[in-house]
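Undergrad:
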Amino acid sequence: MGDMEPTRRVDVSRSEAAGVHAAQDAVVVEEPLEIRTGKTSVVVIMRTPGHDEELAAGFLVTENVIRRCGDVEEIFHCDEPGAQQTSGNVLVVKLADTASVDLERLRRNFYATSSCGLCGKASIDSVRQYAPPIEGRPVVDRAVLCDLPRRMRAAQHVFAATGGLHAAGLFDATGRLLCLREDVGRHNAVDKVVGWAVLEDRLPLRETILLVSGRASFEIVQKALVAGVPVVGAVSAATSLAVDLARESNMTLMGFIRDERFVVYAGPDIPAGP
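Just so you know, the sequence shown maps onto residues 32 to 305 in my numbering.
(1) If you check the beta carbons only, do Ala255 and Leu241 fall under 8 angstroms apart?
(2) Quick one: what does DSSP say Glu105 is sitting in, helix, strand or coil?
(3) Which of helix, strand or coil does DSSP assign to Ala127?
(4) Might you give, ordered along the chain, the residues of its own chain that have their beta carbon closer than 6 angstroms to the beta carbon of Met35, omitting 5 neighbours on each side?
(5) Please name the residue, chosen from Arg45, Val252, Asp56 and Glu84, that lies closest to Leu64 on a Cα-to-Cα basis.
(6) Can you list, in chain order, the residues of its chain with a C-beta nearer than 7 angstroms to that of Tyr142? Leave out the 5 residues immediately preceding and following it.
(7) Quick check on the burial criterion: 16 or more other C-beta atoms within 10 angstroms. Buried or exposed for Val257?
(8) Hey, Ser154 and Phe249: beta-carbon distance below 8 angstroms or not?
(9) Kindly indicate which three-state DSSP category Asp222 falls into: helix, strand or coil?
(10) Can you tell me whether Ser146 is buried or exposed, with buried defined as 16 or more other CB within 10 angstroms of its CB?
(11) Residue range of the beta strand (DSSP E) that Met285 falls in?
(12) Between Arg217 and Ala198, what straight-line distance do the alpha-carbon atoms span, to the nearest angstrom?
(13) For a test of your reading of the model: does the CB of Phe293 fall under 7 angstroms from any non-hydrogen atom of the ligand COA? Yes or no.
(14) Closest by CA to Phe293, which one among Ser267, Asp42, Phe190 and Trp227?
(15) What are the start and end residues of the beta strand (DSSP E) that includes Ser72?
(16) In chain order, what residues of the same chain lie with their CB nearer than 8 angstroms to the CB of Arg67, ignoring the 5 residues before and after it?
(17) Between which two residues does the alpha helix (DSSP H) containing Ile251 stretch?
(18) Quick one, which of Glu94, Ala174 and Val43 has its alpha-carbon nearest Glu291's?
(19) Helix or strand or just coil, what does DSSP make of Ile155?
(20) Name, in chain order, the residues that DSSP records as bridge partners for Leu201.
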């Protein structure tokens, strides 16, 4: 297993009203992670080290390469022959013999999403082929919902040290934090949460709420939908395609959850409460 830390100290010059002085600061580590299935390279992701096994499992599930915990036999870090030390930047996912995967579909999807010819409707239609609409949503108290950003922030220990990470938090309907993950990429943080659920054999994530720092993009909503999350919230805004996908998938999507207020983009309104 890789032993990379999520932060490191760097020398900086700090400018303040009293003048400029030398100091040290903690910065977030950003490193590439190559995910392989057997000897096949699937993808290289820029990520913050930590919970790499969850990141790989979550990525493979949300990209519809695997479906469940039983599809994975083993996940381990690997390095090229002759390497002097373990870098932790290559991760091998050994799939179970019973797993049915379509890596070619994944490559086609990456090619399409990086091209200019894929429209929003095509993106949604592609997701609907493997992610059914949500059936049923938990009843969430307004006070609980408004308190989720505070609860998530309190658990963001690496962010507190650096100020440079996104976060994704998974909560139950009572506001209890089930899992929180941080990463330089918001989508990576979501994949780590989903991967935690995969490896704990908790999918689908019914009766849960996913909260993300920053905005809710199409990719965030798509990943939540594949994992079966019925309610997605964001500290910032939602994008148009995220709203369209949430509405077509019977999800609840909210944004600007802060200061006792929020915006409901999709799904039923939250009761005003006391």
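We put the CB at the ideal spot given by N, CA and C, even for glycine. Predicted model, so just to flag it, every value in this text is computed and none were measured.
TA: Taking the structure as given:
(1) Closer than 8 angstroms, so yes.
(2) Here Glu105 sits in strand by DSSP.
(3) Coil at Ala127, not helix or strand.
(4) Excluding residues within five positions, the ones whose Cβ falls inside 6 angstroms are Pro80 and Gly119.
(5) Of the residues Arg45, Val252, Asp56 and Glu84, the one whose Cα lies closest to the Cα of Leu64 is Glu84.
(6) With a pLDDT of 45 at Tyr142, under the threshold of 50, the modelled position of this residue cannot be trusted; read the value that follows with caution. So the list is empty, once near-sequence residues are dropped.
(7) Result: buried.
(8) Yes.
(9) Helix.
(10) Low confidence applies to Ser146: its pLDDT is 41, below 50, so where it sits in the model is not reliable enough to give any reading.
(11) Residues Thr283 to Arg289.
(12) CA-CA distance, Arg217 to Ala198, rounds to 6 angstroms.
(13) Ligands displayed in this structure: none; no statement on the ligand COA is therefore possible.
(14) Checking every option, the nearest Cα to that of Phe293 belongs to Ser267.
(15) Secondary structure note for Ser72: its beta strand (DSSP E) is the uninterrupted segment Thr71 to Arg78.
(16) Once the five neighbours on either side are set aside, the close Cβ partners of Arg67 are Val73, Cys109, Val121, Leu122, Val123 and Val124.
(17) Phe249 to Ala258 is the span of the alpha helix (DSSP H), which, as asked, contains Ile251.
(18) For the residues Glu94, Ala174 and Val43, the minimum Cα distance to Glu291 belongs to Ala174.
(19) Looking at Ile155 - three-state DSSP - the assignment turns out to be helix.
(20) In the DSSP output, where bridge partners are listed per residue, Leu201 has Cys210 and Leu241.
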